[in-house]
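Reviewing the structure listed below.
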């Protein structure tokens, strides 16, 4: 990479446009960048870094680039950095403009413009520049890929900060590891360490989870085994846990089997005792049953003797009932005949009571003749009844014609009245339709005006709010700007005080016999003393930090003000100058007019429907008028025909009615009379027949009673039993006979009689013995069942534990392997003798390369005295791998780099920086770095050493490199002819190139 030209405008301390011709400076190979403190030497290097990566090194990058703008720049001057360089054989031009706040082109205030970037490449064939990209991201990716370095690596390799490498020489292993890790990007090795540690923790968690499940099964086995089986004290992850659990489980299973054998023997003994007790109880129960049976039979025989007289009476009654059964048919026949006769006599009396007086005493034949005469007269009235029904139909039809006539008159009158108002109704409806159509048109026009008015009202409200926000933000910017100015003034005051007393601060670091960092003398007769109120570095840095924080707050407030002002301008452009209240009134009035128009327009459809309905109603009423006229003519003709037929029918009915009100009434009289006469004749005949049958039944009953042995029919009737009484009596006789037979059978049994001769059986004692034996058997069975379940549960849990141990075996092996690898990578394993982490091991190899590359220049700078070597030794209790020692050829001793003097530390750190640049360059893919910058530290060298260092730097020119030295040392201005001077002025710094 070779720099050609740098153009800076309004950047950092440079208020105007400044240009640096690196081609002219590089022609000399070695050039000096110098200037007073605060002039902007570092800002030149910051501009190079900003052009390449879009940001500046360290804490100077803040506020999204807003703080890069020069405070000396004119308000209309845009901040810009343009760098022309050659990298990887391509000549490129990078232009970057950070965001900046410029005055508005119209109106008061400022607006913020976004950052912009351009990347162009020079086409040697066409002798012109061609655009490649305007994207920040694409340009950053392209430059990073071409250089092969990140911004941090570039700042360490191209912009060599000697102070950082001096601290690197004196730093411990951890600090060196952080710096080397950023430069060589070894985070993936740290990621491997983390991945192994995470995998070890995950595997350990799974092993512990499996051990917890195994211990849970062990505790379940302990509960199943019962008391007396104590589980060893174990915890998940303990070594030998699986073997201890399986061994304890084997002992528990053996104990459970022994207990099961003992319970089985006890159960067999209890079963034998229970069987003997049950046999004894059965024998006692059998004897007791026979004794009880014999005693009950004797008691039953005694009760039978006591009821013997009652039994003889039942037998006599049953005998008389059997004789009376022969008389029962005759008794039933006589009762039926008497019942029929009584019913027939009552029916005859009722029939004669309803007859006219002339037929009350007539016989059956006379009554039948009178009934036939009434039936003949009734048949002659059928024609008259048909005429009467026809007359009723005629009257009904005439009444219907009169009703139709009245209805048609109403229809005609209603139609004439409605049609008379038709023209007025149609005119009103058409007026309503036209008004609704006009309202719909107005509503459409107002709807178009609503949305713009509402948007304008919303913009006006937003404009008012943003106006208030702008005032607040502007006031905040003023406050923060004042605070930043005060903080800057305070910092500059402290810095000036510190510079005034810097001699006392440098004197505090003087050591007798060692050269002074300023004059190089080894004697210090009158070192400066710190006075009261002395300002040290810490106080200055605190003041600087306070100023930076205040400036960042000011920049953020200015950015916020620009955003608010931009939003206010947009809202003002949309809303205009009309007050918000006036716009709100206009919108409200527009809404009211729109609502009224929509309400009026909603009547359009009902009005059209009403007109259509009215036209249909008009057609219907005209048709109804015509139909009513036709019905009236037909009605008159029908009324005349009906009147003629009515007169003829009324003459015929007057003759047929006689003295009755109607033919139907006369027919009803004849029908009722004929029915009464017929019923009476039938009742008289029935009464005569039933009287004769009753007389015959009495004669047969007397004969049957005499033959059955009864003196009278009444005695025979008294001896008859009904079914229920007969069944009850027969049941008592049969029960008596069965009981006598059963008692005789029991008393005749030899076994029962023999048992009765024996002593009474003791059943209670036998039952108590049997119950006790059953209880003992139940207890032993329960104990055996518990032992059986205990043995089965222990077998099941043991098998489960064995399965868990087998399943966990591969996981334990994986955990051991992963834990061993994680320990080695983390440097905590006993196998890692030097306690080096994986990332530290890789960095140690890189440090060894850096030390080798730095030694080649350090030997030349120190006239062959010093050599840098890498050390793997541990520092104190820390880890080894990143130690750095210097070998002194004069003493042959190897010592720590922290023991080097100020000047020795400078050229050692310079050699280290150059060596690191070579290694990082190779690491980045061999990109050639043709331009380097070296920052400060030359004041600590004596004349001879300075010459040797400059010789080494001049040797870099032999490789077609250019080296820029950033320094305050006045002697360098005499030794290095090509110079880039930064001059500090009140209007901003400027750059001047000399000696070209």
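In my numbering, the protein residues as written are 1 to 996. Ideal placement from N, C-alpha and C gives every residue a C-beta, glycine not left out. It should be emphasised that the depicted structure is a prediction, and the values quoted were computed from it without experimental measurement.
Query raised in the report: Can you give the Cα-Cα distance for residue 246 and residue 199, rounded to whole angstroms?
Result: Looking at the backbone, the Cα of residue 246 and that of residue 199 are separated by about 29 Å.
Report task. With a threshold of 16 other CB atoms inside 10 Å of the CB of residue 550, please say whether the residue is buried or exposed. Result -> Buried: at least 16 other Cβ atoms inside 10 Å.
Query raised in the report: When the Cα atoms are used, what is the spatial distance from residue 120 to residue 129?
Result: When the Cα atoms are used, residue 120 and residue 129 turn out to be separated by approximately 6 Å.
Report task. List the endpoints of the continuous beta strand (DSSP E) containing residue 81. Result -> That run of the beta strand (DSSP E) goes 80 to 87.
Query raised in the report: How big is the Cα-Cα spacing for residue 256 and residue 764?
Result: Approximately 41 Å between the Cα atoms of the pair.
Query - According to DSSP, residues forming a beta bridge with residue 34 - result: Partner(s): 981.
Requested in this report: Hey, could you find the ends of the alpha helix (DSSP H) residue 130 is sitting in?
Outcome: According to the DSSP assignment, residue 130 belongs to no alpha helix (DSSP H) but to the beta strand (DSSP E) extending over 128 to 133.
Query raised in the report: I think residue 616 touches residue 404, with their Cβ atoms under 8 Å apart; what is that distance to the nearest whole Å?
Result: The pair is not a contact, with the Cβ atoms about 25 Å apart (cut-off 8 Å).
Query raised in the report: To which residues of the same chain is residue 134 closer than 8 Å at the C-beta, ignoring the five residues directly before and after it?
Result: 116, 117, 118, 119, listed in sequence order.
Report task. Select from 12, 274, 323 the residue whose C-alpha is nearest the C-alpha of residue 772. Result -> If we check each option's Cα against that of residue 772, 274 comes out closest.
Requested in this report: For residue 140, name the three-state secondary structure that DSSP assigns.
Outcome: DSSP places residue 140 in helix when its eight states are reduced to three.
Query - Close Cβ partners of residue 984 (< 6 Å) along its chain, the five nearest in sequence each way excluded - result: Cβ neighbours of residue 984 beyond the five flanking positions: 36, 39.
Report task. Answer with buried or exposed for residue 915, where buried requires no fewer than 16 other C-beta atoms within 10 angstroms of its C-beta. Result -> Counting Cβ neighbours within 10 Å, residue 915 comes out buried, since at least 16 surround it.
Requested in this report: Could you tell me the distance, in whole angstroms, from the CA atom of residue 979 to the CA atom of residue 20?
Outcome: Taking the Cα positions, residue 979 is about 11 Å away from residue 20.
**Report entry** Residue interval of the alpha helix (DSSP H) (run including residue 252)
**Finding:** Residue 252 -> alpha helix (DSSP H) spans 241 to 306.
Query raised in the report: What residues in its chain sit with their C-beta under 6 Å from that of residue 473, if we drop five residues either side in the sequence?
Result: The answer, listed in chain order, is 560, 561, 564.
**Report entry** Neighbour-count burial assignment, residue 262, 16 or more Cβ in a 10 Å radius
**Finding:** Residue 262 counts as exposed, since fewer than 16 other beta carbons sit within 10 angstroms of its beta carbon.
Requested in this report: Answer with buried or exposed for residue 329, where buried requires no fewer than 16 other C-beta atoms within 10 angstroms of its C-beta.
Outcome: Looking at its Cβ environment, which holds fewer than 16 other Cβ atoms inside 10 Å, residue 329 is exposed.
Report task. Starting from residue 585, follow the alpha helix (DSSP H) in both directions and report where the run begins and ends. Result -> Where residue 585 is concerned, the enclosing alpha helix (DSSP H) stretches over 580 to 601.
Query raised in the report: How is residue 606 classed by DSSP in three states: helix, strand or coil?
Result: Three-state result, residue 606: helix.
Query - Through-space distance from residue 695 to residue 1000, alpha-carbon basis - result: Since the first and last residues shown for the chain are 1 and 996, residue 1000 lies out of range.
Report task. Using the Cα positions of residue 721 and residue 704, report the straight-line distance between them to the nearest angstrom. Result -> Distance between the alpha carbons of residue 721 and residue 704 is about 17 Å.
Requested in this report: Determine the closest residue to residue 1067 out of 52, 188, 299, 806, with distance taken between C-alpha atoms.
Outcome: Residue 1067 lies beyond the range of the chain shown here (1 to 996); nothing can be said about it.
Query raised in the report: Near residue 700, what residues of its chain come up, given a Cβ to Cβ distance below 8 Å and the 5 sequence neighbours on each side ignored?
Result: Once the five neighbours on either side are set aside, the close Cβ partners of residue 700 are 330, 333, 334.
Query raised in the report: Less than 8 Å separating the beta-carbons of residue 419 and residue 621?
Result: In contact: residue 419 and residue 621 (Cβ atoms closer than 8 Å).
Query raised in the report: In whole angstroms, what is the alpha-carbon distance linking residue 93 and residue 45?
Result: Cα-Cα distance, rounded: 17 Å.
Report task. Tell whether a beta-carbon distance below 8 Å holds between residue 683 and residue 351. Result -> Their beta carbons are under 8 Å apart, which means residue 683 touches residue 351 by this criterion.
Query raised in the report: If we ignore side chains and look at the alpha-carbon of each, how far apart do residue 308 and residue 337 end up?
Result: Straight-line Cα distance between these residues: approximately 44 Å.
Requested in this report: Look at residue 192 and residue 826 and say whether their C-beta atoms are less than 8 Å apart.
Outcome: Cβ atoms of residue 192 and residue 826: not closer than 8 Å.
Query raised in the report: Under three-state DSSP, which class holds residue 327?
Result: Secondary structure at residue 327: coil, using DSSP grouped into helix, strand and coil.
Query raised in the report: Looking at the structure shown, is residue 355 part of a helix, part of a strand, or coil, going by DSSP?
Result: Of the three classes helix, strand and coil, the one that applies to residue 355 here is coil, per DSSP.
Requested in this report: Report back the beta-carbon spacing between residue 236 and residue 212 to the nearest angstrom; my notes put them in contact at under 8 Å.
Outcome: About 5 Å separates the beta carbons of residue 236 and residue 212, which is inside the 8 Å limit, making them a contact pair.
Query - residue 883 - partner residues in DSSP beta bridges - result: Looking at the DSSP output, residue 883 sits in a beta bridge with 871.
Report task. Spatial neighbours of residue 454 within its chain, please: CB distance less than 7 Å, with the 5 preceding and 5 following residues excluded, ordered by chain position. Result -> 587, listed in sequence order.
Query raised in the report: Is the beta carbon of residue 555 less than 8 Å from the beta carbon of residue 491?
Result: It is not a contact, given that the beta carbons lie outside the stated cut-off.
Query raised in the report: Near residue 1074, what residues of its chain come up, given a Cβ to Cβ distance below 8 Å and the 5 sequence neighbours on each side ignored?
Result: Residue 1074 lies beyond the stretch modelled for the chain, which goes from 1 to 996, so this question has no answer here.
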